[in-house]
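With the numbering used here applied, the sequence shown covers 820 to 1054.
Note that CB positions come from ideal geometry on N, CA and C, so glycine has one too.
This report refers to the structure that appears directly beneath it.
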Amino acid sequence: MERYALFDWDGTLREGYTLFEWIGFLRERGEILSARVLKRHDRLVADYREGRISHDVLARESCQNYEEGIRGTRVERYEALRSEYHRYDRTRQLAFAPVLFRWLKDRGIRPIVITGAPVDMIGAYFGEYGIGEAYGHRLELRDGRLTGNALENCGFHKERKVRELAERFGCPPLLAAGDSDSDLPLLLAAKTALVVGGRAETLARVPGGRSIPRGIEGETLIQNLENWIGECEAI
């Protein structure tokens, strides 16, 4: 039976929000996104910070606004900008991430990402991290352009994808990592659950959940994982 591990992306394996930082990059470059789309994005962020909308509303409407803004963009231009942005994105990866994914590969554990982050940005790490599957905010391409339609956004239905994977693999995930309540479907399904950043409200809802500092060294994390997974397998 193949073993697998589930991961959120933003806040779990990297600092910050990929979509927002990508939008910021496009703003600085003066590329693709119109002034109207950027103004609406700024208003959504301000409304969230001032408590007028929830995090779920911020996430959903920000994605919809971005989809509208990206509509009609040629794939060649999009890919060139994405490649340039990736050099910055690498600096946002948490230091333990490469070590963790090497350990997963050595142990024969299949890493799967379930997130609301843009899958196109995560794809740059597939080879390096050995990520076999990633489910997130995925855009439609047609006739060489982005249509502005989302084919899926698993950030809004993580529990469904977790169930599908459990049925496919015939077992729960050996390991899961997340940083917020939106990741509870992953964390509650796993034998070993890591709450990155140690958010108290999330930890309280995950029996046996382990708090992981964002700045933890990779080797220290692996030592802890070996012990925690060993305890679970001994039960």
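Residue 853 and residue 922 have their C-alpha atoms some 43 Å from each other. Per the Cβ contact rule, the region 866 to 883 is not in contact with the region 939 to 954 (fewer than 3 Cβ pairs under 8 Å).
Where residue 931 is concerned, the enclosing beta strand (DSSP E) starts and stops at 928 to 937.
Rounded to whole angstroms, residue 939 and residue 1023 show a C-alpha spacing of 33 Å.
In the structure shown, residue 1036 adopts coil according to DSSP, grouped into three states. Residue 944 sits in a helix when the DSSP states are folded into three classes. Residue pairing by DSSP puts residue 1011 in a beta bridge opposite 994. If you look at residue 910, you'll find it isn't in any beta strand (DSSP E); DSSP assigns it neither H nor E. Between residue 960 and residue 856, the gap from beta carbon to beta carbon reaches 8 Å or more. Looking at the DSSP output, residue 960 sits in a beta bridge with 965. Short of 7 Å from the beta carbon of residue 1005, and not among the five residues preceding or following it, lie these beta carbons of its own chain, in chain order: 825, 827, 933, 977, 981, 995, 997.
Close CB contacts of residue 963 within its chain, under the 8 Å cut and outside five residues either way in sequence, are with 893, 894, 895 (chain order). With a beta-carbon spacing of about 7 Å, residue 955 and residue 974 fall inside the 8 Å limit used to define contacts.
Cα atoms of residue 915 and residue 1041: separation of roughly 9 Å, rounded to the nearest angstrom. Check the Cα spacing between residue 999 and each of 831, 823, 889: the tightest is with 831. In this structure, the alpha-carbon of residue 841 lies about 33 Å from that of residue 822. Just so you know, the alpha carbons of residue 929 and residue 906 end up roughly 26 Å apart.
Short of 8 Å from the beta carbon of residue 1029, and not among the five residues preceding or following it, lie these beta carbons of its own chain, in chain order: 1011, 1012, 1013, 1014, 1043, 1047. Here the C-alpha atom of residue 993 lies approximately 14 Å from the C-alpha atom of residue 924. When the five nearest sequence neighbours on each side are left out, the beta carbons in the same chain lying within less than 8 Å of the beta carbon of residue 1017 are those of 1030, 1031, 1032, in order along the chain.
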